[in-house]
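Q:
2 protein chains.
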Amino acid sequence: MMKSYKEVEGRFKRLTDLNGALAVLHWDSAAMMPAGGATARADQITALSMVCHEMMVDPSLAELMSEAEAEADKSPDDFDNWRLANLTEMRRTWRHANAVPSDLVEALSQATSACEMVWRDARPDNDFARLQPLLSDLVSLVQEVAAAKSDALGVAPYDALLDEFDPGTRSADIDPLFDDLDIFLPEFLQKVTDVQANGQQPEAFAGSFAIADQRALAERLMHQLGFDFDFGRLDISHHPFTGGVPDDVRITTRYYEDDFTQSLMGVLHETGHALYERGLPAQWRHQPVGLARGMTMHESQSLIIEMLACRSEEFVRYLTPLVRETFSGSGPAWETENLVRLYRRVTPGLIRVDADEVTYPAHVILRYRLEKNLISGNLAVADLPGAWNEAMQKSLGLTPPDDRDGVLQDIHWPSGAFGYFPTYTLGAIAAAQLFDAAQSDNDAVLTGLEQGDFEPLLSWLRAHVHGQGSLMSTQDLMIQATKQPLDIDIYKAHLTRRYLGHQD
Amino acid sequence: MMKSYKEVEGRFKRLTDLNGALAVLHWDSAAMMPAGGATARADQITALSMVCHEMMVDPSLAELMSEAEAEADKSPDDFDNWRLANLTEMRRTWRHANAVPSDLVEALSQATSACEMVWRDARPDNDFARLQPLLSDLVSLVQEVAAAKSDALGVAPYDALLDEFDPGTRSADIDPLFDDLDIFLPEFLQKVTDVQANGQQPEAFAGSFAIADQRALAERLMHQLGFDFDFGRLDISHHPFTGGVPDDVRITTRYYEDDFTQSLMGVLHETGHALYERGLPAQWRHQPVGLARGMTMHESQSLIIEMLACRSEEFVRYLTPLVRETFSGSGPAWETENLVRLYRRVTPGLIRVDADEVTYPAHVILRYRLEKNLISGNLAVADLPGAWNEAMQKSLGLTPPDDRDGVLQDIHWPSGAFGYFPTYTLGAIAAAQLFDAAQSDNDAVLTGLEQGDFEPLLSWLRAHVHGQGSLMSTQDLMIQATKQPLDIDIYKAHLTRRYLGHQD
Numbered sequence: 006m007m008k009s010y011k012e013v014e015g016r017f018k019r020l021t022d023l024n025g026a027l028a029v030l031h032w033d034s035a036a037m038m039p040a041g042g043a044t045a046r047a048d049q050i051t052a053l054s055m056v057c058h059e060m061m062v063d064p065s066l067a068e069l070m071s072e073a074e075a076e077a078d079k080s081p082d083d084f085d086n087w088r089l090a091n092l093t094e095m096r097r098t099w100r101h102a103n104a105v106p107s108d109l110v111e112a113l114s115q116a117t118s119a120c121e122m123v124w125r126d127a128r129p130d131n132d133f134a135r136l137q138p139l140l141s142d143l144v145s146l147v148q149e150v151a152a153a154k155s156d157a158l159g160v161a162p163y164d165a166l167l168d169e170f171d172p173g174t175r176s177a178d179i180d181p182l183f184d185d186l187d188i189f190l191p192e193f194l195q196k197v198t199d200v201q202a203n204g205q206q207p208e209a210f211a212g213s214f215a216i217a218d219q220r221a222l223a224e225r226l227m228h229q230l231g232f233d234f235d236f237g238r239l240d241i242s243h244h245p246f247t248g249g250v251p252d253d254v255r256i257t258t259r260y261y262e263d264d265f266t267q268s269l270m271g272v273l274h275e276t277g278h279a280l281y282e283r284g285l286p287a288q289w290r291h292q293p294v295g296l297a298r299g300m301t302m303h304e305s306q307s308l309i310i311e312m313l314a315c316r317s318e319e320f321v322r323y324l325t326p327l328v329r330e331t332f333s334g335s336g337p338a339w340e341t342e343n344l345v346r347l348y349r350r351v352t353p354g355l356i357r358v359d360a361d362e363v364t365y366p367a368h369v370i371l372r373y374r375l376e377k378n379l380i381s382g383n384l385a386v387a388d389l390p391g392a393w394n395e396a397m398q399k400s401l402g403l404t405p406p407d408d409r410d411g412v413l414q415d416i417h418w419p420s421g422a423f424g425y426f427p428t429y430t431l432g433a434i435a436a437a438q439l440f441d442a443a444q445s446d447n448d449a450v451l452t453g454l455e456q457g458d459f460e461p462l463l464s465w466l467r468a469h470v471h472g473q474g475s476l477m478s479t480q481d482l483m484i485q486a487t488k489q490p491l492d493i494d495i496y497k498a499h500l501t502r503r504y505l506g507h508q509d
Numbered sequence: 006m007m008k009s010y011k012e013v014e015g016r017f018k019r020l021t022d023l024n025g026a027l028a029v030l031h032w033d034s035a036a037m038m039p040a041g042g043a044t045a046r047a048d049q050i051t052a053l054s055m056v057c058h059e060m061m062v063d064p065s066l067a068e069l070m071s072e073a074e075a076e077a078d079k080s081p082d083d084f085d086n087w088r089l090a091n092l093t094e095m096r097r098t099w100r101h102a103n104a105v106p107s108d109l110v111e112a113l114s115q116a117t118s119a120c121e122m123v124w125r126d127a128r129p130d131n132d133f134a135r136l137q138p139l140l141s142d143l144v145s146l147v148q149e150v151a152a153a154k155s156d157a158l159g160v161a162p163y164d165a166l167l168d169e170f171d172p173g174t175r176s177a178d179i180d181p182l183f184d185d186l187d188i189f190l191p192e193f194l195q196k197v198t199d200v201q202a203n204g205q206q207p208e209a210f211a212g213s214f215a216i217a218d219q220r221a222l223a224e225r226l227m228h229q230l231g232f233d234f235d236f237g238r239l240d241i242s243h244h245p246f247t248g249g250v251p252d253d254v255r256i257t258t259r260y261y262e263d264d265f266t267q268s269l270m271g272v273l274h275e276t277g278h279a280l281y282e283r284g285l286p287a288q289w290r291h292q293p294v295g296l297a298r299g300m301t302m303h304e305s306q307s308l309i310i311e312m313l314a315c316r317s318e319e320f321v322r323y324l325t326p327l328v329r330e331t332f333s334g335s336g337p338a339w340e341t342e343n344l345v346r347l348y349r350r351v352t353p354g355l356i357r358v359d360a361d362e363v364t365y366p367a368h369v370i371l372r373y374r375l376e377k378n379l380i381s382g383n384l385a386v387a388d389l390p391g392a393w394n395e396a397m398q399k400s401l402g403l404t405p406p407d408d409r410d411g412v413l414q415d416i417h418w419p420s421g422a423f424g425y426f427p428t429y430t431l432g433a434i435a436a437a438q439l440f441d442a443a444q445s446d447n448d449a450v451l452t453g454l455e456q457g458d459f460e461p462l463l464s465w466l467r468a469h470v471h472g473q474g475s476l477m478s479t480q481d482l483m484i485q486a487t488k489q490p491l492d493i494d495i496y497k498a499h500l501t502r503r504y505l506g507h508q509d
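Chains as they are written, first to last, in the working numbering: chain V, 6 to 509; chain E, 6 to 509.
1. Using only the alpha-carbon positions, how far apart do V/ASP264 and V/ARG225 sit?
2. Using only the alpha-carbon positions, how far apart do E/ARG255 and E/LEU384 sit?
3. Can the beta-carbon of E/ALA119 be found closer than 8 angstroms to that of E/LEU146?
4. Which residue marks the beginning of the alpha helix (DSSP H) containing E/ILE434, and which one marks its end?
5. Can you check whether the CB of E/GLN49 is closer than 8 angstroms to the CB of E/LEU30?
6. Pick from V/ASP415, V/PRO337, V/HIS278 and V/GLU395: whose alpha carbon is nearest that of V/ARG467?
7. Can you check DSSP and say which residues form a bridge with V/ASP240?
8. How about the stretch 480-487 of chain E and the stretch 423-442 of chain E: do they share at least three Cβ pairs that are nearer than 8 angstroms?
9. Taking V/GLY173 as the reference, give the member of V/MET300, V/SER141, V/ARG322 and V/THR258 with the closest Cα.
10. Compare the C-alpha of E/ASP187 against each of E/ALA90, E/HIS368 and E/PRO419 and name the closest.
11. If you drop the 5 nearest sequence neighbours on each side, which residues of the same chain put their C-beta closer than 8 angstroms to that of E/ILE380?
12. What residue from E/ASN24, E/PRO106 and E/LEU355 has the CA that sits closest to E/ASP63's CA?
13. Suppose you measure from the CA of V/ASP509 to the CA of V/LEU451; what does that come to, to the nearest Å?
14. Apply the 10 Å Cβ neighbour rule to V/TYR496 and answer buried if 16 or more other Cβ atoms are within range, or exposed otherwise.
15. Measuring CB to CB, does E/HIS76 end up less than 8 angstroms from E/MET7?
16. Going by CA-CA distance only, name the one from E/GLN444, E/ARG97, E/LEU182 and E/LYS377 that's closest to E/GLY159.
17. Under three-state DSSP, which class holds V/THR487?
18. So, does the CB of V/GLN115 fall closer than 8 angstroms to a CB anywhere in chain E?
19. Using only alpha-carbon positions, find the residue among E/ALA127, E/LEU454 and E/ARG503 that is nearest to E/GLN229.
20. From the DSSP output, read off the bridge partner residues of E/ASP264.
21. Using a C-beta cutoff of 8 angstroms, does E/GLY237 count as contacting chain V?
22. Name the chain E residues that come within less than 7 angstroms of V/PHE234, Cβ to Cβ?
23. Can you pull out the residues from the stretch 257-279 of chain E whose beta carbon lies closer than 8 angstroms to at least one beta carbon of chain V?
24. Give me the Cβ distance between E/ARG3 and E/PRO251, rounded to the nearest whole Å; I'm assuming they're in contact under 8 angstroms.
25. Express the C-alpha separation of E/ALA433 and E/LEU182 in angstroms, rounding to a whole number.
26. Taking the straight line between their C-alpha atoms, what separation do you get for E/ILE216 and E/ILE241?
27. Mind the definition here: the stretch 338-347 of chain E touches the stretch 388-406 of chain E only if three or more C-beta pairs lie below 8 angstroms; say whether that holds.
28. Would you mind telling me which residues of chain E sit closer than 8 angstroms to V/HIS44, beta carbon to beta carbon, in chain order?
29. Can you list the residues of chain V that E/ARG467 reaches, using a CB-CB cut of under 7 angstroms?
30. Please name the residue in V/TRP32, V/MET37 and V/ASP168 whose C-alpha comes closest to that of V/SER478.
31. First and last residue of the beta strand (DSSP E) that includes E/GLY248?
32. Which of helix, strand or coil does DSSP assign to V/GLY284?
33. With DSSP collapsed to three states, give me the class of E/ASP509.
34. With DSSP run on the structure shown, which of helix, strand or coil describes E/HIS58?
35. Since V/ASP130 meets chain E, which of its residues come closer than 7 angstroms, beta carbon to beta carbon?
36. Alpha carbon to alpha carbon, how far is V/ALA26 from E/ALA26?
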């Protein structure tokens, strides 16, 4: 007897399909839409989002869900783990949607649009003062949302925001990891920069690299990674991202004619995201349990491909002749050793998206701590630039010359995304741990990379991560895949091995 | 006092925005989507269409609309022509949506999908027998829909179908025009083919024409026509079409490397459609009255650009050096006279989409008569191939060697579109009449074309057609623009002038 459960599934199927439509519209906005279409597109997205929101807060859904939960209690034999997890995920998303009153949803949506629009000019104009009043308003509204969700979910306000991006993860899980890294990284960074300063310097590739050639190489590598162009595309956008739906994954990149190395790794990174989406459990395509587990797992999948697999010496050895052949390169710059040095160069910098593997966590920890204080009210928006610059000086020894390359650099806060940043570094920690486990399970995971063979790694990820959808929490997923919870030591060991050449 | 009217406007704004989202999804399906995404896309489109349908049949909308109509009666000063016309259009679309019971909507949707899918294979396989049972089922359902809409709209069943594509136009308007053409065309065609057989023969362009060059020329001409690439795109699809929304019009074409002439005129045709969409009244963007008047007016806008303007000697004279330069052509084929001869070659053929200006109406009249008989029950689907071949022999003196190039050639019927075909020829008649009126109002409409200057024509169309949206019926729009109702004689005079070189 699953009458109500089946009805709820029907509602969520429609919601998933409408969200798929939204994903296509977002992709189109970034990759295809002419500038003049922006207002019409915003209207389309608003209309569709409102329809989804209204479906979630419809009282009849609440009733059906309670009935479905009662069915699961009464007839446990009808409900296997997937159905139970699906009910859990339905309830979680329902709680998020229903926690916030409609007028607050609307006010937040308007404040976000306004703030994001001002940010687009304020950043190039280096004008934090212009952004400040709008960001203050937005933070106030996000505080209200956090308070409302805190009540509904029974977790702390910041954790309620975090729960949207990484369900189940709490600050209490993150703090010890980030505190540990905060101690580990400065000394480690010093050692790495010393070693690199005394070692051979990488030689940059000089020349012009035709976009058609870069694209052809990218497609070849995507294919090799297991990306099926019958179920996805590669296009161009200003900010690279992965969008679409599992059966039609759209990734984007941005080509630089004077440097092919950035787009190359960018495409491999997005392909990692794409493989995750594509590998989600096909029989649960239209249900919440069939979706990716959250942004931490998502980032782990892009980083395991980009950072762990594709920046390995094994893979770079395979890659070098392809690169040489594609761009008709010759000379010492076009040797594996130089490409490895280029792809592992560590240089503290001001900009997160340009940061290397070693300094990236410093950017994340800084933002995580600031946004927690913004949400708790311990930090005012007016004091944000000062706090930013102070923290940047403390962690990487750099003070931004202006806000453009400081507090104004990211779209996340102006777009209302608080609780997103920590998932980047949680994803990096998870990636190292998953790659370690995959290697332990199968030697060919690493050795295959020398032949450009990703099959052993991909089939391990399909079984242990992709195919699991949202069956369990991030933490349980890690335990199931690696036999232990998220472990900072494996990550530190990976960094130490890669950048200092030995276990610490 | 327009409280209810304003609320209804809000509902229709959302509907228009959701329909805009649907338009983007349809464009993407044809121009971007990888094959593997088809099922997911069908699900997205179904979900979104169902949401729109449910909004239309929501009892609270019916109530609000009645109240809004009462407001218009009570406070006529608040309701100018645009608002009144908007109410009329709202009621018309509401009637269409509410006439058909939900289970019939669903049955029709399923039968259409099934029939269209079988048609995709049955056509290349030349297998009408495979299609026949599905098409019979579909025709039965369409008959039910026609009967239901006939009751709701108070018009004959076939007219109720026609009303979806060309609101307000009835068979009684079409029959005399088509009967007249049916008498006029055979003798006219004989004269034209005699003249062309005795005259100089056109020389085809030989060679290979790079797609990049074809595309560059197409973009240049689109720009010249007034297409603004800040508000639209040109892409590739198997079947050329115009999609998107007025502020983001997406047109497509299909390039042939051995023949640039087809795609060139194809792009100009779609640009005509695009200019109509783009020129719709901006202040009514999200309301029914702001939409294009119907498929007859839409086809008139593509044909006025393609057939009337761009196949004029004036424009071909301007076009010839551009074509020569683009493809580095030289020799007698690359002279204006030859290009005119090529673009005006009249040859009776089996395929509608390949037909020239003179024989095209024969294809349309044949389909119009057959589909009227299908809907009335005077013709059984089983007898359709025979009836088709007989009519084709009678009108163009050709008997299809097989159903692939006969009754199976068009997707319209298998996709459930009955009542669409006549708008192609109604559009051609309207195009000739509109061009005639525009020329009478301003000599520069024609003379401008010699310099590739479309501004006089476009500004006339903007004022008399595009900017009128759905303010009035097709017939009233023609009267407003040309001071007379749809007039077959102007069309015949145009054909006579162009193909026999004199007024008949």
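Virtual Cβ for every residue (Gly too), placed ideally from N, Cα, C.
A: A quick look at the data gives this:
1. 18 angstroms
2. Cα to Cα, E/ARG255 sits roughly 38 angstroms from E/LEU384.
3. no
4. Taken as a continuous stretch (DSSP letters only), the alpha helix (DSSP H) holding E/ILE434 covers 427-446.
5. yes
6. V/HIS278
7. V/THR257
8. yes
9. The residue with the shortest Cα to Cα distance from V/GLY173 is V/MET300.
10. E/HIS368
11. VAL144, VAL147, GLN148, ALA151, PRO162, TYR163, LEU166 and PHE423
12. E/PRO106
13. With a pLDDT of only 38 at V/ASP509, under the threshold of 50, the placement of this residue in the model should not be trusted; the figure read from the coordinates follows. Approximately 21 angstroms, taken between the alpha carbons.
14. buried
15. First, the residue type needs correcting, since residue 76 of chain E is Glu and not His in the sequence shown. Yes. Within cutoff.
16. E/ARG97
17. DSSP, reduced to helix, strand and coil, places V/THR487 within a helical segment of the structure shown.
18. no
19. E/LEU454
20. E/TYR261
21. The beta carbon of E/GLY237 falls within 8 angstroms of a beta carbon belonging to chain V, placing the residue at that interface.
22. PRO39
23. none
24. Chain E is shown from 6 up to 509; residue 3 of chain E falls before or after that span and cannot be answered.
25. Taking C-alpha positions only, E/LEU182 is separated from E/ALA433 by approximately 12 angstroms.
26. 11 angstroms
27. no
28. Per the sequence shown, residue 44 of chain V should be read as Thr rather than His. By Cβ distance, chain E contributes ASP252.
29. Simply none; closest approach about 17 angstroms.
30. V/ASP168
31. 247-250 is the extent of the beta strand (DSSP E) around E/GLY248.
32. helix
33. For E/ASP509, the predicted structure reports a pLDDT of 38, less than 50, and the residue's modelled location is therefore unreliable. A value from the coordinates is still provided. Correct three-state label for E/ASP509: coil.
34. helix
35. What V/ASP130 touches in chain E: nothing, since even the nearest Cβ is about 23 angstroms away.
36. 8 angstroms
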